[in-house]
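Peer 1: Per full-length UniProt numbering: the sequence shown = residues 1 to 746. I'd like to ask some things about the structure below.
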Amino acid sequence: MQCSASLDVLFLLDGSYSIGKGSFERSKHFAGKLCDALDIHPDRVRVGMIQFSSTPHLEFPLDSYLSKQEVKERIKRTVFRGGSTETGRALKYILHKGFPGGRNSSVPEVLIIISDGKSQGSTAMPAMQVKERHITVFAVGIKFPRWEELHVLASEPPERHLLFAGDADDAANGLYSTLSDPVCTATAPGCKVESHPCERRTLETVKELAGNYVCWKGSKQPNAVQASLCPFIRWKRVLIKHPSRCFRTVCPDPCDSQPCQNGGTCVPEGLDRYHCLCLLGYGGDVHCAAKLSLECGVDLLFLVDSSAGVTLEGFLRFKAFLKRFLQAVVGPDSPMSVGVAQYDDDVEIPIELGQHKDTVSLMKSIDALSFSGGRTLTGRALQYIAQHGFRSTPVFADVQDDLPRVVVLLTDSKSQDSVAEAAKYAKDQNLFLIGIGSSFMRAELTTVTGNPQQIIVYSDPQDLFNRMPELQRKICSVGNPEGCQAQSLDLAFAVDASSGVGLENFLRLRHFVRSSCLHFIINRDVTQIALVIYGSKAHTVFALDTHTSNSAVLQAIDQVPFLGDSASAGSALLHVYSEVMTVQKGARPGVNKVVVLLTNGGGMQDAAAPAQQLRRNGILVFLVVIGDTERDMLLRVAGSPSYLVHISSYEDLQYYQGLIIERICEEARSPVNLCKPNPCMNQGVCILGPGSYHCQCHGWEGPHCETRVLRGDSPRSPALPPRSHVQWSPRGLQYFSRALQHSKRQ
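Next comes the structure, spelled out in structure tokens:
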């Protein structure tokens, strides 16, 4: 709240020795706080300051500083002068000089005296004369003031013009409240000035009878004294509290109506504005509406560990997480069904899939879940859920629900039975498993899900709640892998199968390639994948155009053999360049191309030149190295630190999968040069046009120089004219692929 009116304000600051340096600093701070209640501007409120002690001293006139920040900075720089407390002389100075730099009584004048009220002379007469000039006087007590003198100084009524510097914020409100009517502009709508009980504190010196002592007094008899009891008086300072009434302006809090939903915290901004601090998962609008809506249609079953291993505290934490997550994602139009199961020795499903259609009843059922505390038999629970968790209701038993089935396992205790076979059985039933647990559960959750990308580990209890958006993404990625989505990509993996890697680590590399392929949609129009293994020589396991489905690629990867001889990464990259990333082998013009080289770093000496050749032809080389190898040599092969991932051990490789796929997908989204790599076969020259290219052929013909020119009248294979333009599109690619297959057969 600010007083915004044409107003001249002059501070009269007591700088005497009775105040002292410490209280003088508090006076300056208080003056700065009062400035916050004033709209300081050349055309509105002007502020000046006089410091007084034995004599008054003008610190700065009212026309010196024209902004609030300048005035407050100047007040801070004011230096304590010291001297006797001559308040009357300071008032006479104002009567004689007026308000220095002021507007000569053409606007209301306000004098704010900050003092302890212990003047050396009389103040009554000059104070009365000041007020007779229609100057409004506020008296502010500092330290332990003499309130009687401040009453004399202050304007009428004194209870509205007496302030205490010890309560700076309250005093600033009191100043505004008194000035608001009639000096300042009208009080904001809904605000009103209220009185409230307050205290005026001071220290007074009082005398106290401490007791009596024997004293000797004179006697009427000559040469005689008389013993007597005399009172013993001592003086002490006592804190005296005088009851009084103060005034403040009270406005309705914009947060009184509790506008923030779903546990959000309302933060007021001024008199009529606010903003909401929303819990994670909320913030869909300014009032913390849910923003994690699951727009994907799934059958979602939460499997909650209720064994002794998670403890009652952990179980209650899982319940709170469930409630907050489902409140954020389940709406009246949500396309998913939700169920909740819990387990220890036994498994029960207290909330059947699709049992609740509204959030309120679902929350009540979750509240009713109770901790059981038996053994942790996670394997048995997964087996049971795979058999009984997604049964259709009897009425629709003959109708199969084709929604993806997702099980979210919440556990924080190592299983006391085997989980691998049960997890495999669940996945064979087409269940998509997501595991959530603390960091030490990472290995077991990876075994359950079969993919480190399908687990969520949290570092501390609060971090669990921060993972709600991540869970939402993973649930909705079912049937829609978190790869490059609909971005077209030609991707080749080159895997080191040499003796330097060894059979055990080669199997880890093979598993990494397999799990990476799960993140891509493999077909002719989206992602094509090729696999090359190498020792001293490179071998194509399957080309880009060999397999047109995820299942076919995964089956082929499982059959890849270990070679076991020396390694030559250079020969592998040359093989990819000449035998894999070519139009003849299924590479598509106008599609980004990436090679991922997986190696232990052996045989890299000859790899820099082939890698550079691949890059010159628009093929990105992404290098993944496990183990200790000289970094400078690796950077020469990768071409940039952005395309090098150096991992310390094969066990850690799985944790980098998300990063590697993200980098690959960034490349898939980058602009494409239609002539890199060269789509023209048989030494044809690719000539780039606006949104198209054409091949200039020599001794060959067809859109990609794929058909030899025959002499005489021999029939030619159907093809476009030698210099025809080829517009790139998925349909065009399909035409090109069929034409190429036809030419191969010829």
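The C-beta atom is built at its ideal place from N, Cα and C for all residues, glycine as well. None of the values given here were measured: they were computed from a predicted structure.
1. Beta-carbon within less than 6 angstroms of residue 539's beta-carbon, same chain only, minus the 5 sequence neighbours each way: which residues are those?
2. Is there contact between the stretch 368 to 381 and the stretch 299 to 309, where contact requires at least three CB pairs shorter than 8 angstroms?
3. Is the number of C-beta pairs between the stretch 426 to 441 and the stretch 452 to 464 that are closer than 8 angstroms three or more?
4. Around the C-beta of residue 549, are 16 or more other C-beta atoms found within 10 angstroms, so that it is buried, or is it exposed?
5. Taking the straight line between their C-alpha atoms, what separation do you get for residue 137 and residue 154?
6. Using the beta-carbon count (16 or more within 10 Å), is residue 341 buried or exposed?
7. Per the DSSP calculation, residue 240 is bridged to which residue(s)?
8. Between residue 216 and residue 95, what straight-line distance do the alpha-carbon atoms span, to the nearest angstrom?
9. When the Cα atoms are used, what is the spatial distance from residue 716 to residue 683?
10. State the DSSP-derived secondary structure class of residue 521, mapped to helix, strand or coil.
11. For residue 109, report the span of its beta strand (DSSP E) as first-last.
12. Looking at the structure shown, is residue 275 part of a helix, part of a strand, or coil, going by DSSP?
13. Do you know how far the Cα of residue 274 is from the Cα of residue 420?
14. Give the range of the beta strand (DSSP E) segment to which residue 363 is assigned.
15. Would you mind stating whether residue 596 and residue 681 have Cβ atoms separated by less than 8 angstroms?
16. Would you mind working out which of 577, 409, 649 sits nearest residue 616, comparing C-alpha positions?
17. Sorted by chain position, which residues of the same chain lie with C-beta nearer than 7 angstroms to residue 607's C-beta, five sequence neighbours on each side aside?
18. Can you tell me where the beta strand (DSSP E) holding residue 24 begins and where it ends?
19. Closest by CA to residue 303, which one among 269, 351, 272?
20. When the Cα atoms are used, what is the spatial distance from residue 554 to residue 349?
21. Could you tell me which of 103, 246, 536 sits nearest to residue 562, measuring between CA atoms?
22. What are the partner residues of residue 212, as DSSP defines its beta bridges?
23. Can you look up residue 266 in the DSSP assignment and give me helix, strand or coil?
24. So is residue 233 buried or exposed if we call it buried at 16+ other beta carbons inside 10 Å?
25. Going by DSSP, what residue range makes up the beta strand (DSSP E) through residue 337?
26. Output the distance between the C-alpha atoms of residue 41 and residue 67, rounded to the nearest integer angstrom.
27. Quick one: using the 10 Å Cβ neighbour count with 16 as the cut-off for buried, is residue 713 buried or exposed?
28. Pull the bridge partners of residue 7 from the DSSP assignment, please.
29. Are there 16 or more other CB atoms within 10 angstroms of the CB of residue 600, so buried, or fewer, so exposed?
30. Just list the alpha helix (DSSP H) runs in the stretch 528 to 561, keeping only unbroken ones of 4 residues or longer that don't cross its boundaries, in chain order.
31. Let me know the secondary structure DSSP gives residue 665 once reduced to three states.
32. Per DSSP, what kind of secondary structure is residue 391 in: helix, strand or coil?
33. Would you call the CB atoms of residue 142 and residue 244 closer than 8 angstroms?
34. Do residue 543 and residue 585 count as a contact pair if the criterion is CB distance below 8 angstroms?
35. Where does residue 398 land, buried or exposed, given buried means 16+ other C-beta within 10 angstroms?
36. Taking residue 128 as the reference, which of 92, 60, 414, 116 has the closest Cα?
Peer 2: With the given structure in hand:
1. Along the sequence shown, read from residue 1 onward, the residue named residue 539 stands at position 539. Contacts found: 533.
2. Output reads yes: the stretch 299 to 309 touches the stretch 368 to 381.
3. yes
4. The residue given as residue 549 occupies position 549 in the sequence shown. Result: exposed.
5. Taking the sequence shown and counting its residues from 1, one reaches residue 137 at position 137. Taking the sequence shown and counting its residues from 1, one reaches residue 154 at position 154. Here the alpha carbon of residue 137 sits roughly 5 angstroms from the alpha carbon of residue 154.
6. Position 341 of the sequence shown, counted from the start, is the residue given in the question as residue 341. Result: buried.
7. As a position in the sequence shown, residue 240 is number 240, starting the count at 1. Its beta-bridge partners are 202.
8. Working through the sequence shown from its first residue, we reach residue 216 at position 216. Working through the sequence shown from its first residue, we reach residue 95 at position 95. Residue 216 and residue 95: Cα-Cα distance of roughly 58 angstroms.
9. On the sequence shown, position 716 is the one that residue 716 refers to. On the sequence shown, position 683 is the one that residue 683 refers to. Low confidence applies here, because residue 716 scores a pLDDT of 45, under 50, leaving its location unreliable; read the following figure in that light. Rounded to the nearest angstrom, the two C-alpha atoms are 20 angstroms apart.
10. Against the sequence shown, residue 521 aligns to sequence position 521. Of the three classes helix, strand and coil, the one that applies to residue 521 here is coil, per DSSP.
11. Sequence index remark: in the sequence shown, residue 109 carries index 109 (1-based). According to the DSSP assignment, residue 109 belongs to the beta strand (DSSP E) that extends over 109 to 115.
12. As a position in the sequence shown, residue 275 is number 275, starting the count at 1. In the structure shown, residue 275 adopts extended strand secondary structure according to DSSP, grouped into three states.
13. On the sequence shown, position 420 is the one that residue 420 refers to. On the sequence shown, position 274 is the one that residue 274 refers to. The straight-line gap from Cα to Cα measures roughly 52 angstroms.
14. Translated into the one-based positions of the sequence shown, residue 363 becomes position 363. Run containing residue 363: none in the beta strand (DSSP E); it sits in the alpha helix (DSSP H), 359 to 367.
15. Here residue 596 refers to the residue found at position 596 of the sequence shown. Here residue 681 refers to the residue found at position 681 of the sequence shown. Not a contact, by the Cβ cut-off of 8 angstroms.
16. For the purposes of this step, residue 616 is identified with residue 616 of the sequence shown, where counting begins at 1. Minimum Cα distance to residue 616 is reached at 577.
17. Along the sequence shown, one-based indexing puts residue 607 at 607. Shown here for residue 607: same chain residues with a beta carbon closer than 7 angstroms to its own, the five before and five after excluded, namely 569, 570, 573, 637 in chain order.
18. The residue you call residue 24 lines up with position 24 of the sequence shown. No beta strand (DSSP E) contains residue 24, which is instead part of the alpha helix (DSSP H) from 20 to 35.
19. For the purposes of this step, residue 303 is taken as residue 303 along the sequence shown, with counting starting at 1. Here the closest residue by C-alpha is 351.
20. In the sequence shown, residue 554 corresponds to position 554, counting from 1. In the sequence shown, residue 349 corresponds to position 349, counting from 1. Cα-Cα distance, rounded: 35 angstroms.
21. Taking the first residue of the sequence shown as position 1, residue 562 is located at position 562. Considering only alpha carbons, the answer is 536.
22. Counted from its first residue, the sequence shown places residue 212 at position 212. Residue 212 is bridged by DSSP to 231.
23. Position 266 of the sequence shown, counted from the start, is the residue given in the question as residue 266. Residue 266 falls in the strand class under three-state DSSP.
24. As a working mapping, residue 233 is identified with position 233 in the sequence shown. Counting Cβ neighbours within 10 Å, residue 233 comes out exposed, since fewer than 16 surround it.
25. Locating residue 337 in the sequence shown gives position 337, counting from the first residue. Residues 337 to 343.
26. What you label residue 41 is simply residue 41 of the sequence shown in a count that begins at 1. What you label residue 67 is simply residue 67 of the sequence shown in a count that begins at 1. Each residue's Cα considered, the two are about 6 angstroms apart.
27. Position 713 of the sequence shown, counted from the first residue, corresponds to residue 713. Annotation note: pLDDT 43 at residue 713 (below 50); position unreliable, coordinate value reported separately. So residue 713 counts as exposed.
28. By one-based count along the sequence shown, residue 7 stands at place 7. Bridge partners of residue 7: 45.
29. Taking the first residue of the sequence shown as 1, we reach residue 600 at position 600. Buried: at least 16 other Cβ atoms inside 10 Å.
30. Whole alpha helix (DSSP H) segments, 4+ residues: 550 to 557.
31. Here residue 665 refers to the residue found at position 665 when the sequence shown is read from its first residue. In this structure, residue 665 counts as helix in the three-state DSSP scheme.
32. On the sequence shown, residue 391 is found 391 positions in, with the first residue counted as 1. Residue state, collapsed to three classes: coil.
33. Translated into positions along the sequence shown, residue 142 becomes position 142. Translated into positions along the sequence shown, residue 244 becomes position 244. No, Cβ-Cβ distance for residue 142 and residue 244 is not below 8 angstroms.
34. Against the sequence shown, residue 585 aligns to sequence position 585. Against the sequence shown, residue 543 aligns to sequence position 543. Cβ distance < 8 angstroms, so residue 585 and residue 543 count as in contact.
35. The count along the sequence shown starts at 1 and reaches residue 398 at position 398. In this prediction, residue 398 scores a pLDDT of 43, lower than 50, which makes its location untrustworthy; the coordinate-derived value is nonetheless stated afterwards. Exposed, by the Cβ-count rule.
36. Residue 128 sits at position 128 when you count from the first residue of the sequence shown. Of 92, 60, 414, 116, the residue nearest in Cα terms is 92.
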